[in-house]
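The sequence shown: position 89 = 98 (my numbering), numbered continuously.
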Amino acid sequence: MTGKTGNLILIGMLIGTVLGVVGGIYAGDLFMNIKFIGTLFLNALKMIIVPLVVASMIVGVTSLGDVSKLGKTTGKTLLYYLITTSFSVLIGLILVNILQPGVGVDSIGEFIPDIVADSQGKSLLDVILGLIPPNIIDAAAKGKVLPLIVFSLLFGAVLTTIGEKGRPVIQFFESLNVAIMKLVNWIIYFAPLGVMALIGGIVAENRESLGELLSSLGLYSLTVILGLLIHAVIILPIMLKMFSGRKPMQYFLNMGQALTTAFTTASSSATLPITMECIEEKNNVDKRAASFVLPLGATINMDGTALYEAVAALFIAQIYGIDLSASDQIIIFLTATLASIGAAGIPHAGTVTMVFVLDAVGLPLEGIGLIWAIDWFLDRCRTTVNVWGDSVGAAIIAETKEFSNK
Ligand code: ASP
């Protein structure tokens with residue numbers, strides 16, 4: 010896709026988003042009727058996630074050349090994820106302690122949302138157990154990305170150790186990767202319409218809760234959004250500039266299609282194909298680094314989610330008048346980081362894994378019932394930051410010597 014066409018599509022997507030918001034508020038019925046167009050767009054993105062993740066991870070791993078480099082690259086990638094996620098949780102904790110959005114709010118949560126209740130009893134141990142799927146086809150059929158990543162990492166590593174015999178398989182996945190990326194290119198043409206219908210439908214469905222943004226949940230929403238902004242506009246660009254030497258503004262603008270898609274789909278995984286396209290074609294990040302770092306990032310690197318979980322947990326504590334000690338806040342810091350890693354790249358996943366955080370410091374799960382009304386909106390904001398964090402990570406890892414040496 011040429012730069013000019015890409016820009017036109019991005020403008021189309023931004024106009025689509027605005028039309029969707031306005032239309033969802035003022036012509037809700039119409040937008041409910043065309044919601045299926047958004048679902049088509051979303052399904053098209055989801056349709057290619059499994060082959061994309063498998064092919065790109067295998068290509069990324071095999072292009073590293075040898076298994077020892079794989080260990081180093083994985084280590085550096087995970088370190089980057091941990092550092093940036095910790096930064097974002099810290100920002101969230103500082104802001105929520107200063108702004109105290111829950112103090113003085115007199116309503117308390119009275120219900121536990123269904124998807125949260127369904128996940129009760131699951132622990133972080135289940136997340137670890139889920140890493141190795143007993144049946145890889147079943148994991149793929151259920152769209153579970155993390156086990157697919159683990160399988161592809163191992164499979165790619167093995168391919169690099171069997172010499173000539175591995176060549177045809179590697180070539181197959183290289184071709185598959187190119188074909189899938191071409192398909193992404195086609196799907197992007199449909200994005201302006203898809204984005205408009207998606208956002209229009211969700212705004213129409215949640216029109217009533219828009220008022221919550223201004224009422225008791227207003228200061229809470231503001232705390233989350235302010236934190237996300239500080240992380241996205243200050244911390245991440247500084248890291249990008251420092252470790253990759255790239256111009257943050259240009260890099261950000263080139264990610265426009267992916268960030269708009271993240272906002273409208275509230276899913277890092279569904280956005281992955283477009284993130285990949287923007288990173289490789291527009292920002293010219295080394296394809297080997299991108300295909301390795303991005304699938305991993307879309308599933309485990311969630312700066313926005315981690316920040317949100319920390320703010321939400323403290324907000325709930327403030328509402329219930331529960332005083333959390335410094336050590337409780339350290340526990341929140343740690344569990345919010347882990348819970349964001351454990352959250353899948355799908356809508357509301359962060360709110361579901363927040364159960365770990367609340368459980369860890371003994372806060373009532375009903376608190377989630379209170380913030381649920383506005384989660385559809387904050388989910389979009391944090392997903393956008395999650396994808397931005399992954400994008401910055403790809404540029405930074407591409408500069409490490411494992412990639413720049415070749
Ligand atoms: N929706 C987010 C994502 O896909 C996860 C979350 O719920 O925080 O990145």
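All C-beta atoms in this analysis are idealised placements derived from N, C-alpha and C, irrespective of residue type, glycine included.
Residue 170 sits in coil when the DSSP states are folded into three classes, being neither helix nor strand. The beta carbons of residue 317 and residue 391 sit closer together than 8 angstroms. When the beta-carbon positions are compared, residue 53 and residue 199 come within less than 8 angstroms of each other. Cβ neighbours of residue 186 within its own chain (closer than 6 angstroms, five residues either side excluded): 64, 65 and 68. In terms of Cα proximity to residue 122, the closest of 400, 408 and 357 is 357.
In terms of CA proximity to residue 113, 327 leads the group 327, 55 and 307.
Taking the Cα of residue 339 as reference, the smallest distance to any Cα among 101, 188 and 406 is reached at 101. Per DSSP, residue 385 is one residue of the alpha helix (DSSP H) stretching across 384-407.
In this structure residue 230 is buried. Its beta-carbon is surrounded by 16 or more other beta-carbon atoms within 10 angstroms. Residue nearest to residue 26 within the set 16, 205 and 85 is 205 (criterion: CA-CA distance). Across the set 116, 331, 126 and 258, the C-alpha of 258 shows the shortest separation from the C-alpha of residue 241. Spanning the alpha carbons of residue 255 and residue 61 requires a straight line of approximately 27 angstroms. Taking 8 angstroms as the cut-off, the beta carbon of residue 308 is found no closer than this to the beta carbon of residue 197.
Rounded to whole angstroms, residue 131 and residue 237 show a C-alpha spacing of 28 angstroms.
Per DSSP, residue 257 is one residue of the alpha helix (DSSP H) stretching across 257-263. The Cβ-Cβ distance between residue 97 and residue 299 does not fall below 8 angstroms. Annotation for residue 247: the continuous alpha helix (DSSP H) segment containing it runs 245-253. Going by beta carbons, residue 248 and residue 394 fall outside the 8 angstroms limit.
Counting other Cβ atoms within 10 Å of its Cβ, residue 335 stays below 16 and is therefore classed as exposed.
Distances from the CA of residue 46 to each of 268, 297, 323 and 207 were compared; the closest alpha carbon is that of 207. Residue 30 places its beta carbon 8 angstroms or farther from that of residue 170. The beta carbon of residue 346 is closer than 7 angstroms to those of 94, 95, 98 and 315 in its chain, skipping five residues each way along the sequence.
Ranked by Cα distance from residue 153, the options 191, 202, 355 and 80 are led by 355.
Counting along the chain, residue 179 sits inside the alpha helix (DSSP H) bounded by residues 176-198.
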